[in-house]
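Single-structure report; data block below.
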Amino acid sequence: MKAYQLILFGITLMTLSCSVNEEVYLFSYFKNNGEDGLHLAYSNDGLIWEALNDDKSFLIPELSKDKLMRDPCIIKGPDGKFHMVWTVSWEERGIGYSNSDDLINWSEQKFIPVMQHEKSCKNSWAPELFYDKNKDQYLIFWASTISDKFLETANQAEEDWNHRMYYTTTKDFEVFSETKIFLEPGFNVIDATISENENQYFMIVKDETLHPKPKKSLHILFSDNLYEWNVPVSKAISGNWVEGPTIATLNNAWIVYFDQYRKHSFGAIKSDDLVNWKDISNSISFPDGIRHGSVFKVSKRVFSKLKNHASN
5 MKAYQLILFG ITLMTLSCSV NEEVYLFSYF KNNGEDGLHL AYSNDGLIWE
55 ALNDDKSFLI PELSKDKLMR DPCIIKGPDG KFHMVWTVSW EERGIGYSNS
105 DDLINWSEQK FIPVMQHEKS CKNSWAPELF YDKNKDQYLI FWASTISDKF
155 LETANQAEED WNHRMYYTTT KDFEVFSETK IFLEPGFNVI DATISENENQ
205 YFMIVKDETL HPKPKKSLHI LFSDNLYEWN VPVSKAISGN WVEGPTIATL
255 NNAWIVYFDQ YRKHSFGAIK SDDLVNWKDI SNSISFPDGI RHGSVFKVSK
305 RVFSKLKNHA SN
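Numbered according to this note's numbering, the sequence shown terminates at residue 316, and the numbering increases by one at each position without gaps.
So, in structure tokens, the structure goes:
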């Protein structure tokens, strides 16, 4: 390799290293029942997390009779905006949506009636976003109970909540595709989240089975097609009584954070290959009272503005 090529190669490596170092992990979450809205925490290493804004809300919920902002999921789109969806109510047949350039100033909150057509639908919980770069569209997926469907597992549920995963797609959050079933694994399923590993997608889900023996554990699925998940479900990769998984990469390893809601604390598992998992819950620290949401990265510029705003 010629000298100038080596120099260019070195510059490229340095640029990549700087771009990584210039990113900060953020975590969107709710507290209590979600009535006070969006909370944010940050971390430089993905392990030790500190609340921003003195752990006060960045956005007050306005939608539905319940006015909740539970399970806030945020991703950054190719348009440079941060897009967020959330659970607005225990019993609404739709979800909430808003977007922001800086995580400080948010667009008007919008109710998306994703299950309004299903008259026997009881809820729309824990929505998530994934950007499909191949089709240039956003995938929105969530858990709903339709009271007259999947009756074979109805008696295994908690208070008749017998969920399956559903989805819709959109390019602009104005026009949405017809809602379709996303995942029917043969058990009560909720809290799905998706990431991509090279040319394959993987999904983490919670088995919500309560009877005859509680599961309440996390499982992983792999698919070559983002919209087809009729695939085997792994054995549990976590302990029981956890929920709200969210996925990050840390030092070339995969991290799944989750809410240990009975312990009132957060946990995490780590894997180098998405097959063998190690519990690292003793290595992480989150703000007191945190409930689940999503992990994502922002630039140092966005973070600096966010932190300065929070300190004012």
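For glycine and all other residues, C-beta sits at the position ideal for the given N, C-alpha and C.
Asked: Taking the alpha-carbon positions, what's the residue 86 to residue 226 distance?; Found: 27 angstroms
Asked: If I follow the unbroken beta strand (DSSP E) through residue 279, where does it start and stop?; Found: Residue 279 -> no beta strand (DSSP E), and no H or E assigned at all.
Asked: For residue 240, which residues of its own chain have a beta-carbon under 7 angstroms away from its beta-carbon, when the five flanking residues on both sides are left out?; Found: 221, 222 and 223
Asked: Using alpha carbons as the reference points, say which of 37, 26, 32 and 267 lies closest to residue 54.; Found: 32
Asked: With 16 other CB atoms within 10 Å as the buried threshold, where does residue 179 fall?; Found: exposed
Asked: Count the CB pairs spanning the stretch 126-144 and the stretch 194-206 that are closer than 8 angstroms, and state whether there are at least three.; Found: yes
Asked: Pick out the complete beta strand (DSSP E) segments inside the stretch 64-110, 3 residues or longer, and give them in chain order.; Found: 74-80, 86-91 and 99-104
Asked: For residue 187, report the span of its beta strand (DSSP E) as first-last.; Found: 184-187
Asked: Roughly how many angstroms separate the alpha carbons of residue 142 and residue 155, rounded to a whole number?; Found: 31 angstroms
Asked: Assuming residue 289 and residue 271 are in contact, meaning their beta carbons sit under 8 angstroms apart, how far apart are those beta carbons, in whole angstroms?; Found: About 12 angstroms; that fails the 8 angstroms criterion.
Asked: Report back the beta-carbon spacing between residue 166 and residue 149 to the nearest angstrom; my notes put them in contact at under 8 angstroms.; Found: 5 angstroms
Asked: Looking at the secondary structure, which residues open and close the beta strand (DSSP E) in which residue 223 lies?; Found: 221-227
Asked: Could you give the DSSP three-state label for residue 201: helix, strand or coil?; Found: strand
Asked: Give the range of the beta strand (DSSP E) segment to which residue 257 is assigned.; Found: 257-264
Asked: I'd like to know whether the C-beta atoms of residue 101 and residue 177 end up nearer to each other than 9 angstroms.; Found: yes
Asked: Taking only three categories from DSSP, how would you classify residue 43?; Found: strand
Asked: Ordered along the chain, which non-local residues of its own chain (more than five positions away) have a Cβ less than 8 angstroms from that of residue 120?; Found: 97 and 98
Asked: Expressed to the nearest angstrom, what Euclidean distance is found between the alpha-carbon atoms of residue 127 and residue 282?; Found: 34 angstroms
Asked: Taking the Cβ atom as the reference point for each residue, do residue 259 and residue 45 lie within a distance shorter than 9 angstroms?; Found: no
Asked: Would a C-beta distance cut-off of 9 angstroms place residue 89 and residue 146 closer than the cut-off?; Found: yes
Asked: Suppose the cutoff is 6 angstroms on Cβ atoms and the five residues either side in sequence are ignored; what does the same chain contact list for residue 107 look like?; Found: 86 and 310
Asked: Residue 157 by DSSP, collapsed to three states: which one?; Found: helix
Asked: Going by Cα to Cα distance, which pick from 187, 190, 229 and 191 is closest to residue 205?; Found: 229
Asked: Please name the residue in 236, 256, 280 and 299 whose C-alpha comes closest to that of residue 263.; Found: 299
Asked: So, are the CB atoms of residue 233 and residue 265 less than 9 angstroms apart?; Found: no
Asked: Cα-Cα, which of 26, 63, 186 and 115 is closest to residue 69?; Found: 115
Asked: Excluding sequence positions up to five away, which residues of its chain have a Cβ less than 8 angstroms from the Cβ of residue 216?; Found: 160
Asked: If we ignore side chains and look at the alpha-carbon of each, how far apart do residue 17 and residue 61 end up?; Found: Model confidence at residue 17 stands at a pLDDT of 39, short of 50, so the residue's coordinates are unreliable and nothing is read from them.
Asked: Between which two residues does the beta strand (DSSP E) holding residue 112 run?; Found: Note, residue 112: premise wrong, no beta strand (DSSP E); not H, not E.
Asked: Could you please give the first and the last residue of the uninterrupted beta strand (DSSP E) stretch that includes residue 248?; Found: 247-254
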